[in-house]
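Trainee: So in our numbering, the last spot in the sequence shown is 370, and the numbers never skip. The C-beta atom is built at its ideal place from N, Cα and C for all residues, glycine as well. Quick caveat, the model's predicted, so the values are computed rather than measured.
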Amino acid sequence: KSVGDLLDAFFENDHVKAALAFDAVVGNFASPYAPGTAYGLLHHALGELDGVRGAWGHPIGGMGSITQAMYAEAQALGVEVETDAEATRVIVENERAIGVELADGTTRLADRIAANVAPKTLYLDLLEDTHLDDEFLHRVRAIRHESATLRINVALGELPSFTCKPGTEVQDHHAAGIVIGPSFTYMERAYLDARRGAWSDAPVVEMLIPSTVDDSLAPPGKHVASLFCQHFPRDRDWDTHRDTAADAVFAAIDRFAPNFSDAVIARDILTPPDLEERFGLPGGDIFHGAMTLDQLWVNRPVMGYAAYRGPVKGLYHCGAGSHPGGGVTGLPGRNAAREILREVSRRRSDRA
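1. Where do the N-terminal and C-terminal ends of the beta strand (DSSP E) with E295 fall, by residue?
2. Helix, strand or coil: which one does DSSP assign to N393?
3. Under three-state DSSP, which class holds K183?
4. What is the rounded straight-line gap between the Cα of G301 and the Cα of A308?
5. Opposite T125 in the DSSP bridges: which residues?
6. Grouping DSSP H, G and I as helix and E and B as strand, with all else coil, what is Y334?
7. For V242, tell me which candidate among V267, F202, I283, A266 has the shortest Cα-Cα distance.
8. Go ahead and pull the three-state DSSP assignment for M309.
9. One question on the structure: do A105 and A121 come within less than 9 Å of each other, judged by their Cβ atoms?
10. Which residues in the same chain have their Cβ closer than 8 Å to the Cβ of A115, if we skip the five residues on either side of it in sequence?
11. Give the DSSP bridge partners of Q248, in chain order.
12. With DSSP collapsed to three states, give me the class of I84.
13. Tell me whether the segment 217-229 and the segment 185-196 touch, counting them as touching only if at least three CB pairs, one residue from each stretch, are closer than 8 Å.
14. Tell me the DSSP bridge mates of D67?
15. Select from S179, D190, A103 the residue whose C-alpha is nearest the C-alpha of G123.
16. State yes or no: is the beta carbon of L174 nearer than 9 Å to at least one beta carbon in chain B?
17. Beta carbon of H249, beta carbon of D211: below 9 Å?
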């Protein structure tokens, strides 16, 4: 079922429906009336914060504080963590993964390898074809990446003053997720314009201003904001259109918050190719594979290999390309860790 059909059955107000529907299409190159998009709304309600189901939160210090906390816990447990150590090849001997080769030519050997990269990156770039059968490779190559996401980070001299709720002092809405996408018609147009090969002059935008709840992110009186913008297909000349696309986003926001563009001190534009190059997201896909029904559950990453392991023994996948998919839930890693521990336990039992 589409998220549009689902919400039409329960709500009358266009603004309420559109606000709820955003979670179904965020990072998803789809119309709100595309079949299966109702799952996207469910997926984003799966998480919890301090026991509150479906709640969202902000880590003080920014998203990096999550990985810093993980690093501190890992160190306390005696785990050795290396950074600036790009893995370029999974080493396989006797049909089993035994380690990785790094960009500097050195190797790291291990009994088991857990890969957090996208499945296409793991199986098409880091493994030699000779270790994988043709049917499996065909399924991996068929994984679709359809995020069409443009990200813009901005520094602000003042908070946006919205026509519906004016003021540049911190108000409740400044500390919430602000969605520029007032109706299904608006969202549908943004999608269809992008499908035609361009982007809409009225894109869908989610604005988050974390400095309203975390004063460590900006100097007094200043703010930072992130803009999640849709839909901006990867297949464009982004070297030419980078600033044009950002200007279209700013113009869309200005219609609702007229002071926004003038308040911008600096901006950092991340196009789909930027997201791929900088963060290893194929096609700029934040989910490591489109979150559509044919690529979920037993089909994630591909049919027959949804149990966090592929055809190579000792090699596991634990990132967003695994069940249940993207989002900062930690569930793919947790589930993969449980599978690894089960296998370790079985091997010990077999030797006993």
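Mentor: So, from the listed chains and residues:
1. Not the beta strand (DSSP E): E295 falls in the alpha helix (DSSP H), residues 290-297.
2. A query on residue 393 cannot be resolved here, the shown segment of the chain reaching from 19 to 370 and no further.
3. strand
4. 11 Å
5. E119
6. strand
7. I283
8. coil
9. yes
10. V108, I109, R130, I131, V330, K331, G332, L333
11. T167, V222
12. helix
13. yes
14. Note on identity: in this sequence residue 67 is Leu, with Asp being the wrong assignment. The partner list for L67 (beta bridge, DSSP) reads V70.
15. A103
16. Here chain B cannot be found, since the structure has a single protein chain.
17. yes
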